[in-house]
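Residue numbers (this note's numbering): 416 to 910.
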């Protein structure tokens, strides 16, 4: 075994570094030290940056990782402990026209970070190019983004789950309540003010008693993966409230923590799941694996784009640009082994470590696209189907995206349930007295056999819903033909 020592700034002592292991990816505390591992196929070298606090503007240690195994850069630090703040700087070619956007001036979030300390402070330095330069993203920024980007936190994964067990409620007995962690409790007068809008509030007896009285069997939480509020919204005094703009697929968002951002959010999330399970309520996560918060070629460099752009995203024929099946500027490439691994590792983590009971996949048709068309036999479905952990929980597709041929209601594989958009539309038409709707109403009300029977799928493949976050409220559904989002401050142009 080789060993190297690295001199830190004067206020820190020498630190010992061992080669470590390429597995598992991320930062892993084993009780004696921390192993760091980062996949970066096309990088020339990788630097791990250690910070003394989340607010530190510069790292106290920048150490070059010298070990590389199967495109994974890794090192082991016996002197480090949970709570360590870190990020990466990744070196390589800055050549956007060929899909490479390496810029070591940008501090990057670990895709496998289990906790992220805060939120983005929007600044031009967060972009890999010079904002305002006539060459746009073909220019190169030499400004350091570290003061403005949230840092990763190493966690201690130990937690006393006691006798926690998954409720395992069958689909035909499931009544699912979609909820937003913050909005559900933020104004509740019977919940202590200091925890309103947090995971702790969702686990409060008042919340759980209300859910039990409703008769629901599962809560489907809108995104809790750490997300980014877009710059144009922040500058307009608005925010990305729903959270469909992920940057951390392993990290529960710090904004919903009442107890802190140095790993406490992980403990608080686990406690919430444990309390809901005690009440016999399942926890389903709405997950966004189809795109990230880094946008298109003019978006910021926060993580994936600077780690290995062409190994994470679907790029156009001109590799400077991104394929966009999501309406957000980019699409993760679920055909690539490392992206599939990221998705599977993330899903297994939320099942095994966080004890969640299932997932609703946002714009799931995007995950089924191979070259261009949606393919129900794509690698994503194959690998989910054979996984002994993921295949055993609830898997619910939003069976469409914004690309051509993306509407795939009724066409997902066995073992998948689907948001039945045709059920929603039919029930609305029936309610408002649309002519000649009774025949379809009968089909929808009896399990949509026209969609599922021919594929030997049961009526439980249909998640029958009437309203959700991306449509009318229940009152608006039976009151208006057009949306009324005036209160959102975007002149009714959003949603």
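All C-beta atoms in this analysis are idealised placements derived from N, C-alpha and C, irrespective of residue type, glycine included. Owing to the predicted nature of the structure, the values given are computational and were not obtained by experimental measurement.
Residue i: which of the options sits nearest, CA to CA?
i	options	result
residue 708	727, 643 and 673	643
residue 477	484, 501, 843 and 457	501
residue 462	658, 469, 470 and 475	475
residue 487	525, 568 and 498	525
residue 570	523, 498, 619 and 563	498
residue 794	749, 759, 697 and 821	749
residue 655	664, 665, 581 and 670	670
residue 815	824, 808 and 682	824
residue 817	452, 742 and 675	742
residue 778	804, 821, 752 and 765	821
residue 465	601, 503 and 887	503
residue 697	809, 578, 443 and 830	809
residue 602	594, 762, 595 and 611	611
residue 471	553, 567 and 517	567
residue 879	843, 625 and 797	843
residue 443	856, 691 and 493	493
residue 539	533, 523, 563 and 438	563
residue 449	435, 455 and 460	435
residue 704	677, 716, 649 and 760	760
If we ignore side chains and look at the alpha-carbon of each, how far apart do residue i and residue j end up?
i	j	result
residue 537	residue 862	48 Å
residue 615	residue 733	47 Å
residue 447	residue 689	28 Å
residue 905	residue 496	45 Å
residue 828	residue 806	12 Å
residue 519	residue 782	30 Å
residue 769	residue 851	48 Å
residue 646	residue 652	10 Å
residue 833	residue 812	5 Å
residue 693	residue 607	21 Å
residue 869	residue 877	14 Å
residue 737	residue 897	32 Å
residue 451	residue 667	20 Å
residue 729	residue 481	29 Å
residue 702	residue 664	9 Å
residue 457	residue 723	6 Å
residue 662	residue 740	18 Å
residue 489	residue 551	34 Å
residue 890	residue 695	30 Å
residue 630	residue 756	37 Å
residue 727	residue 719	7 Å
residue 786	residue 675	Any reading at residue 786 must be qualified, since the residue scores a pLDDT of 47, below 50, and its modelled position is unreliable; the value itself is stated next. The straight-line gap from Cα to Cα measures roughly 43 Å.
residue 637	residue 700	7 Å
residue 620	residue 686	13 Å
residue 508	residue 535	26 Å
residue 684	residue 796	28 Å
residue 626	residue 581	17 Å
residue 858	residue 864	7 Å
residue 713	residue 641	21 Å
Counting along the chain, where does the beta strand (DSSP E) carrying residue i start and finish?
i	result
residue 453	449–454
residue 775	773–776
residue 838	Where residue 838 is concerned, there is no enclosing beta strand (DSSP E), although the alpha helix (DSSP H) it sits in stretches over 836–846.
residue 490	487–492
residue 537	Taken as a continuous stretch (DSSP letters only), residue 537 belongs to no beta strand (DSSP E), as it is neither H nor E.
residue 444	441–444
Along the alpha helix (DSSP H) that carries residue i, what are the first and last residues, could you check?
i	result
residue 497	No alpha helix (DSSP H) holds residue 497; DSSP gives it neither H nor E.
residue 812	It is not in any alpha helix (DSSP H) - residue 812 instead sits in the beta strand (DSSP E) that spans 809–812.
residue 800	794–801
residue 765	752–767
residue 407	There is no way to answer for residue 407, as the model of the chain reaches only from 416 to 910.
residue 867	864–867
residue 782	Segment: none, residue 782 is in no alpha helix (DSSP H) and carries neither H nor E.
residue 911	Absent from the model: residue 911. The displayed extent of the chain is 416 to 910, so no value can be given.
List the DSSP bridge partners of residue i.
i	result
residue 635	593 and 699
residue 661	642
residue 478	463
residue 878	834
residue 914	Here the chain covers residues 416 to 910 and nothing more, so residue 914 does not appear.
residue 531	567
residue 502	464
residue 510	515
residue 747	728
residue 737	730
residue 483	488
residue 523	503
Between residue i and the ligand FAD, is there a pair consisting of the residue's CB and a ligand heavy atom that are separated by less than 6 Å?
i	result
residue 442	Because no ligand of any kind appears in the structure shown, any question about the ligand FAD cannot be addressed here.
Please confirm whether residue i has its beta-carbon closer than 7 Å to some beta-carbon of chain D.
i	result
residue 813	Looking for chain D here will not work: only one protein chain is present.
Restricting to runs no shorter than 3 residues, where is the beta strand (DSSP E) found entirely within the segment 667–730? Taken in chain order, the unbroken stretches of beta strand (DSSP E) that lie wholly in the segment 667–730 and span 3 residues or more are 697–702.
Which ranges would you report for the alpha helix (DSSP H) in the segment 593–626 if only whole runs of at least 4 residues count? Annotation: the segment 593–626 contains the following complete segments of the alpha helix (DSSP H) (minimum length 4 residues), in chain order: 596–600 and 614–617.
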